[in-house]
């Protein structure tokens with residue numbers, strides 16, 4: 001069963017949400033863009049009202065599911081607006097060349113930052129503690145996002161966040177607009193600039209005063225920039 005919202009008529013536009021989010025996170029975009037497009041907002045498996053994950057999925061697994069879901073829903077060569085983790089999935093599909101027409105990627109995740117000595121030290125500490133006190137390690141190490149996941153989702157999460165998508169991005173030949181909050185600490189502008197260097201002809205719209213959820217923090221400016229690009 002596919003969990004989705006569909007509104008409007010015309011050219012297809014698909015909305016792909018971020019991690020630990022759902023299709024409802026795009027309500028300002030659903031309401032606005034359904035005036036011009038047939039909008040389909042999906043719940044990824046494991047989130048929202050979708051079915052639980054059957055296994056520890058990677059980004060490629062989510063991309064394959066998305067491709068099959070859109071086919072089942074009769075969506076052909078749509079535009080896409082994707083946020084954060086949804087951007088990872090969109091990058092994978094865009095690299096195939098024929099999944100999407102034009103893409104707006106907001107706070108797009110997928111660039112693995114350079115590992116600092118402090119990060120490597122925390123990983124070593126976690127592995128040592130996990131041997132003797134696994135419950136303590138799982139409770140006190142890792143991000144708040146990671147700690148609230150089930151064991152299966154944690155395995156999936158590790159696959160997702162440790163995959164760098166630069167090579168996939170370099171194969172993208174479709175028009176892409178990156179939209180990013182200037183204050184975004186989850187996917188900072190330094191990561192988006194790497195994407196810009198990989199995706200030929202791509203553009204950046206930087207939203208001052210916004211963080212990682214720019215599409216919700218200032219939907220008026222976000223929707224205007226996305227509409228201009230898509231239309």
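Residue numbers (our numbering): 1 to 231. C-beta: ideal position from N, C-alpha, C; glycine also.
Given residue i as reference, the closest of the options once Cα atoms are compared
i: residue 112; options: 63, 163 and 20; result: 163
i: residue 49; options: 97, 17, 171 and 230; result: 17
i: residue 70; options: 21, 59 and 5; result: 5
i: residue 195; options: 207, 178 and 182; result: 178
i: residue 216; options: 27, 94, 147 and 93; result: 27
i: residue 160; options: 224, 20, 206 and 174; result: 20
i: residue 166; options: 182, 180, 155 and 191; result: 191
i: residue 201; options: 73, 220 and 174; result: 174
i: residue 203; options: 98, 221, 225 and 210; result: 225
i: residue 58; options: 221, 77, 155 and 218; result: 155
i: residue 211; options: 77, 227, 87 and 180; result: 180
Residue i, DSSP secondary structure in three states
i: residue 19; result: coil
i: residue 47; result: coil
i: residue 153; result: helix
i: residue 82; result: strand
i: residue 206; result: strand
i: residue 181; result: strand
i: residue 39; result: strand
i: residue 111; result: coil
i: residue 5; result: strand
i: residue 98; result: coil
i: residue 222; result: helix
i: residue 58; result: coil
i: residue 228; result: helix
i: residue 244; result: Given a span of 1 to 231 for the chain in the structure shown, any question on residue 244 remains unanswerable.
i: residue 28; result: helix
i: residue 73; result: coil
Beta-bridge pairing of residue i - partner residues as DSSP gives them
i: residue 176; result: 103
i: residue 12; result: 38
i: residue 171; result: DSSP output for residue 171 lists no bridge partner at all.
Sequence-distant residues of the same chain with beta carbon closer than 7 angstroms to residue i, five excluded per side
i: residue 96; result: none
i: residue 46; result: 52, 53 and 153
i: residue 9; result: 38
i: residue 157; result: 146 and 149
i: residue 199; result: 169, 172 and 176
i: residue 208; result: 182
i: residue 62; result: 44 and 89
Sequence-distant residues of the same chain with beta carbon closer than 8 angstroms to residue i, five excluded per side
i: residue 79; result: 11, 12, 13, 14, 37, 100, 101, 102, 103, 104 and 230
i: residue 60; result: 92
Spatial neighbours of residue i in its chain, beta-carbon cut-off 6 angstroms, leaving aside the 5 residues before and after
i: residue 85; result: 18, 19 and 109
i: residue 66; result: 89
i: residue 32; result: 223
i: residue 43; result: 3, 22, 23, 49 and 50
i: residue 34; result: 7 and 8
i: residue 25; result: 17
Point to revise | Inter-stretch contact (C-beta, 8 angstroms, three-pair minimum) for the stretch 103 to 112 and the stretch 181 to 195 | key: Touching, per the Cβ criterion.
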